[in-house]
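**Q**
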Amino acid sequence: MCARTFGSTSAVAVTTGAVVLCFTGSATAADPGHGFGRMGPQSARTTAVRPGSGADFELPFVCGQRWTGDSRSGHSPSFYTIDFNTSNDLGKPALASAPGVVSRAVSLRDSYGRYVVVDHGGGFSTLYAHLNKIMTSVGTTVDQGDLLGYVGSSGNSTGSHLHFEERQGGAYFRPYFHRTYFSMGSTRGSANCTDRPVTGDWNGDGRAEVGVFRNTPSRGEFLKRVGSRTTSLRFGYPGDTPLVGNWGGTRRSEVAVRRPGTSTFLLRRETGRTTALTRLGYPTDIPLTGDWDGDGISNLGFYRPSTRQFWLRSRSGKSYSRVTWGASGQVPVSGDWNKDGRSDIGVYNEFTGRWSLRVRRGSSYVTRSVTYGRAGDRPVTGDWTGDGRTDLGVWRSSTATFWKRTPTAAGIKNRTQQFGNRR
């Protein structure tokens, strides 16, 4: 009766990497605000991990927020687990500490209460417990800083806080953030201030260019690169999901965001006008955009990991077309793969670099499989050459480099471009 490894050593097989936790015994002496009772084995296994060699963990909170973390002798299931508090912490977002795949999203009446486990590959995992609400689902691929849930007091807890664990091979180790060991009882500001890659035709010349959505302590900011020039557009807030499309039928790409934990989208026109669209899908859905009907105007859509379904919204907003595609743990993508003027769908496996594209052929569809990228790369798409066909690419966060798969007369070429902040 003890804990087994969180997730699998290969994060691809998230459905087979079971999490088995021990919930033994009854309540012990209450610890106000930090729970009571057993949440794991009485004597948890530990290991040693150097901050520079393990996963790139950041504080599991919004960029710039300050939280105090502590433990205590007898803290179940290990002294290395942290209870985080800040002022008015009930309902504050709990974010992914590092990229990975959600391997557990469970609601219990006791013990951890509502909790999420993220498998980061290589045997590394994190756990987020006592949540007020879970905002993700099993099989969802998450980036560093993605919303997992909201801080609460569910399960064996007597006050709102986030119970947080880092493990390797099922064993606990001295926790670290931003490649530095964490000292119990200290207060830190969150450096979970990730750049998110975006691409768009920023100047209307028919070619896609690179960009990033930057999370700062006070705002969101789109940084767009055209040639040697970078332009900045402040729009959104830290934790928003960035989107790019053509909302008004102009030649230039426009931006949008989805509010974290909601079904609300804010679309910004080139004129500066902002349109709010509400109640589109579930808050746990992954949003995307595309010109589904070929009229030159982008529409919204979303991917539901729990059912592997794409929901593609009509221009009128009154109907959706639904397509089941991909496998658990893959990232949804969209693009005009065959140059027919209409966007279609695909998925990308972040652990193998494998793309599976659904390509329209007459009245039916065929599957096109491409391997491009390596483990940990984030997928991006864009028409790099201006020929009307969407090409593939990835953004490598460790070097802040875009890799563009570009067709030429001599064959496929790789073009690289550094932009954004590395992680």
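First residue of the sequence shown? That's 2 in the working numbering, and the numbers climb one at a time after it.
Glycine included, each C-beta is placed from N, C-alpha and C at the ideal position.
#1: Over what stretch of residues does the beta strand (DSSP E) that includes Lys340 continue unbroken?
#2: Among residues of its own chain, excluding the 5 on either side of Ser138, which ones have a beta-carbon nearer than 6 angstroms to its beta-carbon?
#3: Can you pull the DSSP bridge partners for Arg235?
#4: Can you find the residues in the same chain that come closer than 6 angstroms, C-beta to C-beta, to Gly297, ignoring five residues on each side of it along the sequence?
#5: In terms of residues, what are the limits of the beta strand (DSSP E) holding Pro243?
#6: Does the Cβ of Gly53 have 16 or more other Cβ atoms within 10 Å, making it buried, or fewer, making it exposed?
#7: With 16 as the cutoff for other CB atoms within 10 Å, does Lys225 come out buried or exposed?
#8: For Thr142, list the residues DSSP reports as bridge partners.
#9: Please give the ranges of any beta strand (DSSP E) in the region 101-188, keeping only runs that are unbroken, at least 3 residues long and fully inside the region.
#10: Name, in chain order, the residues that DSSP records as bridge partners for Gly394.
#11: Once you ignore the five residues that flank Trp396 on each side, which residues in its own chain have a CB closer than 6 angstroms to its CB?
#12: What does DSSP give as the partner residue(s) for Ser344 in the beta ladder?
#13: Is it true that the CB of Thr242 sits closer than 7 angstroms to the CB of Arg259?
#14: To the nearest whole angstrom, what separates the beta carbons of Arg390 and Arg361, a pair I think is in contact under 8 angstroms?
#15: Identify, in the order they occur along the chain, each residue of the same chain with its Cβ nearer than 7 angstroms to the Cβ of Ser299, setting aside the five sequence neighbours on each side.
#16: CA-CA distance, Leu313 and Thr141?
#17: For Gly291, which beta-bridge partners are listed by DSSP?
**A** Let's see:
#1: Here Lys340 belongs to no beta strand (DSSP E), and DSSP marks it neither H nor E.
#2: These residues qualify, in order along the chain: Ala106, Thr285, Pro306 and Ser307.
#3: Answer is Glu222, bridged to Arg235.
#4: Beyond the five residues adjoining it in sequence on each side, Gly297 comes within less than 6 angstroms, by CB distance, of Gly250 in the same chain, given in chain order.
#5: First-last of the beta strand (DSSP E) with Pro243: Thr242 to Gly246.
#6: By the 10 Å Cβ count, Gly53 comes out exposed.
#7: Lys225 counts as buried, since no fewer than 16 other beta carbons sit within 10 angstroms of its beta carbon.
#8: Per DSSP, Val102.
#9: Here the runs fully enclosed are 101-108, 115-122, 125-135, 148-152 and 163-169.
#10: Note: Gly394 sits in a beta bridge opposite Val381 and Lys405.
#11: Here the set comprises Pro198, Arg379, Val381 and Phe403.
#12: The bridge partners DSSP lists for Ser344 come to none.
#13: Contact flag set, yes.
#14: Going by Cβ atoms, the distance from Arg390 to Arg361 rounds to 13 angstroms, so no, they are not a contact pair.
#15: Around Ser299: Gly246, Asn247, Trp248, Thr290, Gly291 and Asp292.
#16: Taking the straight line from one Cα to the other gives about 19 angstroms.
#17: According to DSSP, residue pairing for Gly291 in a beta bridge involves Asn300.
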